[in-house]
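Protein sequences, first through last, are from chains A and B. If you're matching positions, the first sequence starts at 23 in my numbering and goes up one per residue. If you're matching positions, the second sequence starts at 23 in my numbering and goes up one per residue. Everything below concerns the one structure shown next.
Number of protein chains: 2
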Amino acid sequence: MTVGRNRSFDKDNALKKAMLVFWENGYPGTSLTDLTNVMGINKSSLYAAFGNKEELFNQAIEFYLNKHGVAHLAELFKTEQNLKERVRNYLLSIANMLTNPDLPKGCLICNSTSEIAGHCLPDNSAKNINAINQQTIFTLTNFFEKEQQVGNLLEDNSSNSIANYLLTLQFGLAVSARNGSSMEDLEEVINFSIGQFNL
Amino acid sequence: MTVGRNRSFDKDNALKKAMLVFWENGYPGTSLTDLTNVMGINKSSLYAAFGNKEELFNQAIEFYLNKHGVAHLAELFKTEQNLKERVRNYLLSIANMLTNPDLPKGCLICNSTSEIAGHCLPDNSAKNINAINQQTIFTLTNFFEKEQQVGNLLEDNSSNSIANYLLTLQFGLAVSARNGSSMEDLEEVINFSIGQFNL
DNA sequence: ATACATCTGTACCGATCGGTCCAGATATTG
DNA sequence: CAATATCTGGACCGATCGGTACAGATGTAT
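Quick look at the structure:
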């Protein structure tokens, strides 16, 4: 153990609180005062622990991904169900998160994607967000390619097209949730979308 | 004509410029300095002509709707084509706007919808945006109800579900464009979506 | 020509922005 | 204990925020 006083606040919990504010208000809409208020620490502690606003934001994005982003993918790999059902459950899992009453509405990545253009986000953060979206496309494309090889997907479907379609739908669901749509509303949209799926 | 000096700048053109900045940078990401710089006028003139930042934003939204928002709906009423083709053209018209190289990427209404939560947008502006989205749902629902009455739509389709689905898709396309998708990318997504449509 | 309304640029307002600095409190190690 | 490393709160920084006040230029109608 190193010599000296230990940090007296829970860094992970403070990061979570910061993530929630960014999620709710966006990057330019969140001030350091907002952050220190909700994190329950002062500016000096914030800078010592997290660097600056930009680095804190990047860490908040990372936290969001791990806590609220990657889990939904598991639904795609529950091979005891057919592909259509797995895709539906994947989207339903996302929709549940988007409308969770204990969390801000919508999706932090989607909100941040809208903020990329112009000079709203720091360059590094913008690149970070772009890379995350690209990674999602990559993962989904790979997934559907393998499903196609196993014969779960009609030959005339392009894996990449489906992946792009799904990410677009996710974005749309996120903004709809932001606009006040309930879980039931989103479920209806998902069922309509999946019902038409020709997998 | 009233007595006194006339306005020496083109108010409509200045409003257009303001709209473009809000579109690009969002409400909290746009400062009065950004606005006066691009509008080519000083603060006094801005306040005299448009009120304040919030009122200017509301007028910019109005301008955007008239100039870039309502035209797409016309595609739905070109009755010489079948319903599926009209819906496709409606979405393609939107996608063209979302990726127009002469305009900011994405959609001002969609961006603003993401900014509603939290205290990012003034209350009046937020209500305004919500009302616009509701109006879109209303228009689309009415449209599909009439198409259903004419027999262009299967009975088991809910007009409201399709309307909600389409708005969600529009949001998704807008964020995708913001994320750097090209017209070709969006066209692929639209074709995938429409191709599965069971109208 | 005169009166007047509106425009224009600038200086200025208090508040807040992100960020830094430092003195002192606090806790840990040896 | 003493030495040390880190935390804590508050004061402070220059810059910018949205917004206002005002003096003077400009142009219109009579």
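From the three backbone atoms N, C-alpha and C, an ideal C-beta is built for every residue, glycine too.
How big is the Cα-Cα spacing for A:Glu-169 and A:Ile-184? Approximately 12 Å between the Cα atoms of the pair.
Please name the residues in the stretch 128-149 of chain B whose beta-carbon is closer than 8 Å to at least one beta-carbon of chain A, in chain order. Answer set for the stretch 128-149 of chain B: Gly-128, Cys-132, Asn-133, Thr-135, Ser-136, Glu-137, Ile-138, Ala-139, Gly-140, His-141 and Cys-142.
Which residues in chain B have a C-beta closer than 9 Å to the C-beta of A:Leu-195? List them in chain order. Chain-ordered, the chain B residues with CB closer than 9 Å to the CB of A:Leu-195 read Thr-190, Phe-193 and Gly-194.
Secondary structure at A:Val-60, three-state DSSP: helix, strand or coil? In the structure shown, the three-state DSSP call for A:Val-60 is helix.
Inter-residue spacing [alpha-carbon to alpha-carbon] between B:Pro-123 and A:Val-172: Computed Cα separation, rounded: 41 Å.
Let me see if you follow: with CB-CB separation under 8 Å, is A:Gly-91 close to chain B or not? Chain B contact via Cβ: absent.
Only counting the same chain, and skipping five residues up and downstream in sequence, which positions put a Cβ closer than 7 Å to that of A:Met-205? Cβ within range, chain order: Ala-117, Asn-118 and Thr-121.
Check whether the stretch 157-166 of chain A and the stretch 132-142 of chain A touch, using three or more Cβ-Cβ pairs below 8 Å as the test. The stretch 157-166 of chain A is not in contact with the stretch 132-142 of chain A.
Is A:Ser-30 buried or exposed, if buried means 16 or more other CB atoms sit within 10 Å of its CB? When all chains shown are included, A:Ser-30 counts as exposed.
Sorted by chain position, which residues of the same chain lie with C-beta nearer than 7 Å to A:Thr-52's C-beta, five sequence neighbours on each side aside? Excluding the 5 residues flanking it on each side, A:Thr-52 has same chain C-beta neighbours closer than 7 Å at Val-43 and Phe-44, in chain order.
Among the residues of its own chain, which have a CB less than 7 Å from the CB of A:Thr-135, if the five just before and after it don't count? So the list reads Ile-151 and Asn-155, once near-sequence residues are dropped.
When the cut-off is 8 Å and only beta carbons count, does B:Ile-184 lie next to chain A? At a cut-off of 8 Å, the C-beta of B:Ile-184 has a neighbouring C-beta in chain A.
When the Cα atoms are used, what is the spatial distance from B:Phe-214 to A:Asn-133? Taking the straight line from one Cα to the other gives about 25 Å.
So that I know if they touch, is there some Cβ in chain B lying closer than 8 Å to that of A:Arg-200? Contact of A:Arg-200 with chain B is assigned, a C-beta pair being separated by under 8 Å.
Identify the contact partners of B:Glu-102 in chain A, using a Cβ-Cβ distance below 8 Å as the criterion. The contacting residues do not exist; B:Glu-102 stays about 25 Å from chain A at best.
Note down, in chain order, every chain B residue with its Cβ under 8 Å from the Cβ of A:Tyr-112. Neighbours of A:Tyr-112 on chain B: none; closest Cβ ~15 Å, over 8 Å.
What does B:Pro-126 reach in chain A if we use C-beta pairs closer than 8 Å? Ordered by position in chain A, the residues that pass the 8 Å Cβ test against B:Pro-126 are Ala-139 and Gly-140.
A:Ser-66 burial status per 10 Å Cβ neighbour count (16 or more: buried): Its Cβ having fewer than 16 others within 10 Å, A:Ser-66 is exposed.
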